[in-house]
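First the structure, in the form of structure tokens, and then the observations on it.
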Amino acid sequence: MKLQQTEYFPLGVLICVYMFTLLKFFDQSTSKSQIVSNQLLVIPTILIYTLDILAITIVGTYLSARCKKIFSIPIQIACMLYFTLICLICAFDEENSNEMQLFANQYYFIVYYLRQKSYYDDTLSINGENPNKSISGKVLANMLARSLTHWVIIFAGCFVIGAFFAICITLQIIEIKKIKKMKKGNQSNEKYILLQNTHVKKSKIMENAYFQMIVVLLNLVTFIIMLSNDTNLSRMISPPHWNFYKSHFKPRFSKDYAAAVQQYRGHNPLDDGYDWIDQRVVPEYPTVYAPKEMVCSYNPSLNYCQNLPIHQRKAESDEKRPDVVVIIIESFTPGPTMLDNNVVESQDSIVDGPLYKALYLPNLRKISQSGVSFSALSSNGLPTVYGWHSLLTGEIPYSNSMNMVQSIYNDVDDFPSYFNQQNYHTLYISPSKFKFDGKHNWVFRGRELVQRDPSNLKQMPLWFNQIFNYFPTQSQAEELNVEQFNYKTWVPDRITAAQFIKHFKEAKKQEKPVLGVWATVDTHMPFSGQDDLKYYEEFKFGKGVDSLQNDKFDRYATCAKYADHYIGQVTEYLQQNYNNTILVVLGDHGAREILLGNEQVDKNDINSTFYDDSCNHKPFSNDQLFTTTGTINYLGDNTKYQELFKDLTNKVIKTPVDHQDMIRTIYDLIGNQTASSRNGRNLIEVGRNISANQQLRQHWSLRSTMLHSELATEREVFRFHSLGAEGEVFNGIYPTCVTGEVRKDISKSQYGQFRQYQKLIDYLQRNNKQFSYKFRNSTCLYPQLCAFPVNKKALNKNAPLLYVFVLIFVGLGIGTVIEVVKYVCSKIKQQIKKHKEEKNKHSIQRAQLINE
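Start counting the sequence shown at 1; every next residue gets the next number (UniProt numbering).
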């Protein structure tokens with residue numbers, strides 16, 4: 001049958017999704033890693049896409065033909081809108097895979113495009129200038145400029161498809177006019193529909209009915225199978241819009257829950273004096289640990305509880321407790337070029353000397369000389385919506401959705417509210433608006449609710465006493481002693497550093513210790529800076545940041561040295577005015593883009609190492625994703641804290657550590673032991689054990705995006721694709737992409753263990769079982785008895801949408817079965833009727849013969 005123009009719309013949709021699917025399977029991400037590890041899976045993916053679009057076309061055509069004229073047009077429009085949505089989700093999925101190492105899912109879509117409503121009072125105490133510039137538009141423009149070739153291909157493809165559709169619509173209009181003329185001349189009273197060949201009459205709709213029913217049923221069965229399975233294969237070959245639907249379902253855990261809990265606890269043994277707080281046969285909070293005196297308050301029947309010494313905790317006075325300042329550097333991956341030669345060359349687990357080179361990061365080098373640094377520090381996720389969230393809350397990124405939105409009702413072991421409950425005044429300085437990436441319902445936690453919502457939100461503890469994000473007005477700039485600037489996307493580090501100093505000084509008037517959190521921004525991609533160009537001149541490498549066409553490494557190095565300068569300003573202010581401060585400086589995640597190659601490593605004048613550039617292009621990713629660096633320092637003269645850092649000052653630990661370790665170390669440093677679910681270690685103890693050549697305690701640490709995952713042990717790092725066992729394991733000495741390292745492929749059994757580990761964490765977090773704020777009850781100390789908190793399961797706000805999808809597909813299934821039965825019955829009825837007619841005919845003929 002000849003293909004007519006009105007059938008072209010579904011065909012155009014297929015061309016569109018084929019283009020984006022091929023880009024996803026054969027293109028590389030901005031980190032130069034493969035998006036999909038097994039490219040042969042493109043075949044079943046395209047087949048499923050074809051089946052799905054064909055099935056939708058058949059159902060839409062059938063419904064349109066069977067309905068009255070008044071309902072026919074809305075059905076046709078609905079089908080076309082649905083096809084358009086499929087194309088948009090497919091394009092969105094490919095681009096996020098390329099840029100963010102994420103797959104399209106409902107939560108990511110809501111955060112950036114539909115926006116989340118504010119649950120808390122998010123008014124700020126200081127309002128500045130309104131730059132009247134679209135942040136989303138600026139980010140989009142930078143994204144286009146950064147990957148010009150990639151976007152030329154996409155826009156060219158979209159233009160061709162758009163032109164194709166325009167021609168189809170024009171031909172359709174011409175065809176409709178012809179039909180109207182024919183109807184006026186009483187030449188035809190036939191009904192035509194958009195999704196059907198215009199020369200096929202309504203009576204022909206059931207032509208090839210068996211084939212059509214098989215396609216619809218096969219698609220329905222495939223959809224149900226993919227929806228009910230959370231295997232890597234099903235996630236990889238499912239069309240993005242199917243994964244979009246799937247994200248509405250809460251995760252389930254298999255009958256191996258007890259084995260998974262045992263595996264988690266077995267790979268993360270606790271320090272002396274601690275135990276797992278939930279000792280029930282089926283623990284509801286299996287990852288929460290606490291001092292034994294607190295554990296016995298919930299589990300008095302444990303053997304060691306009877307002999308547990310009862311002692312009264314003595315709280316340190318607020319005057320002696322140190323301030324804590326956490327500086328979060330945006331997209332911070334210094335790379336071998338910016339690190340001290342001794343750190344790069346040495347294969348030892350701990351190295352004497354500073355971490356950074358004075359040429360690139362002089363102030364961070366100075367900070368590392370008086371503290372303990374970590375060259376193999378990793379975030380637990382990326383981009384900021386994962387890395388930032390995981391750092392502050394302790395949650396590990398979900399493997400198929402977004403914590404920033406999905407976990408909004410969860411109790412989390414966050415450090416802002418922890419410090420608030422320890423009678424700290426908490427302060428946060430941000431360079432970006434909070435609603436841009438969904439932070440607003442976290443940083444404003446504990447404030448008055450803006451609107452009515454479930455009661456468990458009202459019980460959330462306060463995160464920050466003061467929150468600041470503003471572009472300064474002229475008078476505010478004078479007060480900060482800074483010059484104004486031409487507003488760009490975010491507030492630059494020069495301004496936020498001055499804001500931090502001002503508001504930290506004001507916070508100290510509270511006469512209690514202060515937790516100050518300052519997030520920088522200038523090292524954010526595309527590494528063009530947020531300040532006026534003149535402020536980068538003294539820090540410029542190469543041609544600096546005046547054009548995105550300049551060398552990427554030079555742009556990044558310029559922005560990094562600029563940020564380093566203002567970090568130095570803040571540190572110097574604290575040193576001179578409030579030196580009883582624990583200073584933590586770390587990156588929120590890696591730079592995500594490959595910044596270095598052999599030519600940059602050669603600049604180090606290192607003869608004993610060679611950078612393996614091929615490492616960047618393998619499915620297991622590279623050092624630009626999770627890997628960052630960090631330092632913990634004590635600035636003051638309190639002998640208690642000086643003693644803790646004494647043996648580790650001016651040393652670099654090169655074994656794998658992560659953000660959870662950093663926060664756990666801060667918890668221990670301020671001396672208030674309490675229940676926690678953060679899977680971290682005290683890094684001071686880790687450093688001492690390495691220095692003494694003692695065996696490190698076994699430890700598993702998980703980092704993930706939807707594309708790439710890392711599981712680090714106390715000595716090794718396993719990097720692999722999140723959707724397949726492709727990957728390698730190597731000694732976790734940073735930098736990792738150097739020759740001479742022992743590498744081997746990970747086995748499928750190892751990969752299976754990692755996935756089981758990840759599934760348990762996903763399950764606990766999605767069901768609000770990782771932590772409860774009630775475990776912070778300081779009165780729950782043995783012999784005082786306490787009951788386990790009743791789990792407030794995470795609410796599924798999207799349940800109505802889920803029910804709609806279920807009803808639609810159940811209805812389609814039932815309708816298809818009914819139509820099949822009706823069709824078969826009609827055929828049987830026709831055969832019976834035909835048989836009777838033939839029988840009657842034979843009887844008549846026989847009677848006629850007899851009469852003759």
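Where is the CB? At the ideal position from N, CA and C, for every residue including glycine.
Taking the C-alpha atoms as reference points, what is the distance between residue i and residue j?
i, j, result
"Leu533", "Gly636", "36 Å"
"Ala477", "Glu483", "6 Å"
"His524", "Thr629", "16 Å"
"Phe26", "Asn38", "10 Å"
"Leu194", "Lys829", "The predicted model places Leu194 with a pLDDT of 41, which falls under 50 and marks its position as unreliable, so this point remains unresolved."
"Asn481", "Val443", "27 Å"
"Thr123", "Phe253", "40 Å"
"Thr655", "Arg678", "19 Å"
"Ser92", "Thr21", "Per the sequence shown, the amino acid found at residue 92 is Phe instead of Ser. The alpha-carbon atoms of Phe92 and Thr21 are separated by roughly 11 Å."
"Asn130", "Ile632", "36 Å"
"Gln569", "Thr473", "22 Å"
"Glu345", "Pro336", "9 Å"
"Ile277", "Thr674", "11 Å"
"Met206", "Val59", "Note that Met206 has pLDDT 44, beneath the 50 cutoff, so the model's placement of it is unreliable and no number is given."
"Thr622", "Trp700", "The amino acid occupying residue 622 in the given sequence is Asn; Thr does not appear at that position. Distance between the alpha carbons of Asn622 and Trp700 is about 19 Å."
Compute the beta-carbon to beta-carbon distance between residue i and residue j, rounded to the nearest angstrom, for a pair I have assumed lies under 8 Å.
i, j, result
"Cys305", "Tyr782", "6 Å"
"Tyr424", "Pro513", "5 Å"
"Ile126", "Tyr470", "5 Å"
"Gln499", "Phe541", "That pair is no contact at about 27 Å."
"Tyr556", "Leu595", "5 Å"
"Pro383", "Arg592", "7 Å"
"Phe771", "Asp413", "5 Å"
"Ile86", "His241", "5 Å"
"Met338", "Lys357", "6 Å"
"residue 886", "Asp762", "Because the chain is modelled from 1 through 852, residue 886 falls outside the range shown and cannot be assessed."
"Ser778", "Ile396", "That belief does not hold up - the Cβ atoms of Ser778 and Ile396 are roughly 27 Å apart, past 8 Å."
Could you check what DSSP says for residue i in three-state terms: helix, strand or coil?
i, result
"Ile632", "strand"
"Gln660", "helix"
"Ser118", "coil"
"residue 855", "Because the chain is modelled from 1 through 852, residue 855 falls outside the range shown and cannot be assessed."
"Ile237", "helix"
"Gly12", "helix"
"Phe626", "coil"
"Lys509", "helix"
"Ala209", "helix"
"Glu284", "coil"
"Leu427", "strand"
"Ile850", "helix"
"Ile746", "coil"
"Ile174", "helix"
"Val36", "coil"
"Gln406", "helix"
"Phe244", "helix"
Suppose the cutoff is 7 Å on Cβ atoms and the five residues either side in sequence are ignored; what does the same chain contact list for residue i look like?
i, result
"His565", "Asn363 and Phe539"
"Asn791", "Glu284, Asn768 and Lys769"
"Ala725", "Ile746, Lys748 and Tyr751"
"Asp52", "Asn219 and Pro239"
"Tyr573", "Ile501"
"Leu457", "Tyr119, Tyr409 and Leu449"
Between which residues of its own chain and residue i is the CB-CB distance below 8 Å, once the five residues before and five after are set aside?
i, result
"Asn486", "Asp532"
"Leu40", "none"
"Val282", "Tyr257 and Ala258"
Counting only the same chain and skipping the five closest in sequence on each side, list residues whose C-beta sits under 6 Å from that of residue i.
i, result
"Ile690", "Ser349 and Ile350"
"Leu391", "His659"
"residue 861", "Any answer about residue 861 is impossible in this case: the structure gives the chain only from 1 up to 852."
"Ser118", "His440 and Val450"
"Ile653", "Ile350, Phe374 and Gly687"
"Thr520", "Ile329, Glu330, Asp493 and Ala563"
Can you find a CB in chain D that lies within less than 8 Å of the CB of residue i?
i, result
"Cys79", "This model lacks chain D altogether, as it is built from one protein chain only."
Legend entry - Length-filtered (3 minimum) beta strand (DSSP E) runs lying within the region 565 to 597: 581 to 587
Legend entry - Contiguous alpha helix (DSSP H) assignments of at least 4 residues, all confined to the region 299 to 368: 335 to 338 and 341 to 345
Legend entry - Length-filtered (4 minimum) alpha helix (DSSP H) runs lying within the region 644 to 693: 659 to 669 and 683 to 691
Inset, instruction - Please go through the region 41 to 101 and give each complete alpha helix (DSSP H) segment of 4 or more residues, from N-terminal end onward. - result: 42 to 66 and 69 to 100
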